[in-house]
Amino acid sequence: MTKNTKTVIILLIIAVLIAVIPVALLPGAEFGGSDDAGSVMVEEIRGEYEPWFTPVLETAIGGELPGELESLLFCVQTGTGVGVIAFFMGRFVERKKWMKKIGEEDAPDR
576 MTKNTKTVII LLIIAVLIAV IPVALLPGAE FGGSDDAGSV MVEEIRGEYE
626 PWFTPVLETA IGGELPGELE SLLFCVQTGT GVGVIAFFMG RFVERKKWMK
676 KIGEEDAPDR
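Residue numbering for the sequence shown follows the numbering used here, starting at 576 and increasing by one per position.
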C-alpha cells in the first residue's frame with residue numbers, strides 16, 4: 576500500500592469519526608442551524624418579529640415553498656457555485672502549467 580493510499584484511508588476514518596462521535600455521545604441532542612439561532616436571538620431582543628418583506632418565490636406561487644423544492648434550489652445553488660469555483664481553479668492550474676511550459680521552451684539551451 577502506498578503512502579498516499581494510507582493517508583486517504585486515515586483521513587476517511589477521521590471524517591467518519593467526526594460525523595459519528597457527536598451523534599453517539601449526545602443522544603437526543605438537537606442540532607439546529609444558524610437560521611434557528613438567529614431567529615431565537617431576535618425574538619429574545621425584540622419580542623415577536625415580523626419580516627419586512629416576503630421572499631419573491633413565495634409571493635409568485637402564493638404560499639410557502641415545499642421543503643423538497645427549497646432543498647432542490649439550495650442544491651442547485653451549491654452545485655452552480657462549486658462548478659464556477661472548480662472551473663476557475665482549473666483554469667488557474669492550467670495557466671500555470673502553460674506558463675511553465677512556455678518558459679521552458681523560451682529558455683536558452685545550456
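Quick reminder that beta carbons are idealized off the backbone N, C-alpha and C, glycines included.
Note that the structure is a prediction, hence the values are computed from the model and not measured.
What is the residue span of the alpha helix (DSSP H) that residue i lies within?
i	result
E619	609-621
P602	P602 -> no alpha helix (DSSP H), and no H or E assigned at all.
E633	631-636
Could you tell me the alpha carbon to alpha carbon distance between residue i and residue j, rounded to whole angstroms?
i	j	result
E618	G658	37 Å
V668	I660	12 Å
N579	C650	31 Å
E643	Q652	14 Å
K581	F606	33 Å
P597	V591	11 Å
Look up residue i in the DSSP assignment and say whether it is helix, strand or coil.
i	result
P597	helix
M576	coil
F628	coil
M639	The sequence shown places Glu at residue 639, not Met. Three-state result, E639: coil.
Please list, in chain order, all residues of the same chain as residue i whose beta carbon is under 6 Å from its beta carbon, the five residues on each side excluded.
i	result
K672	none
Does residue i come within less than 8 Å of chain B when only Cβ atoms are used?
i	result
C650	Protein chains in the displayed structure number just one, and chain B is not present.
Given the structure, does residue i come close to the ligand MN, in the sense that its CB is under 7 Å from one of the ligand's heavy atoms?
i	result
T655	This structure does not include the ligand MN; it has no bound ligands of any sort.
Residues in its own chain within less than 8 Å of residue i by CB, not counting five upstream and five downstream?
i	result
Y624	S614, V617, E618
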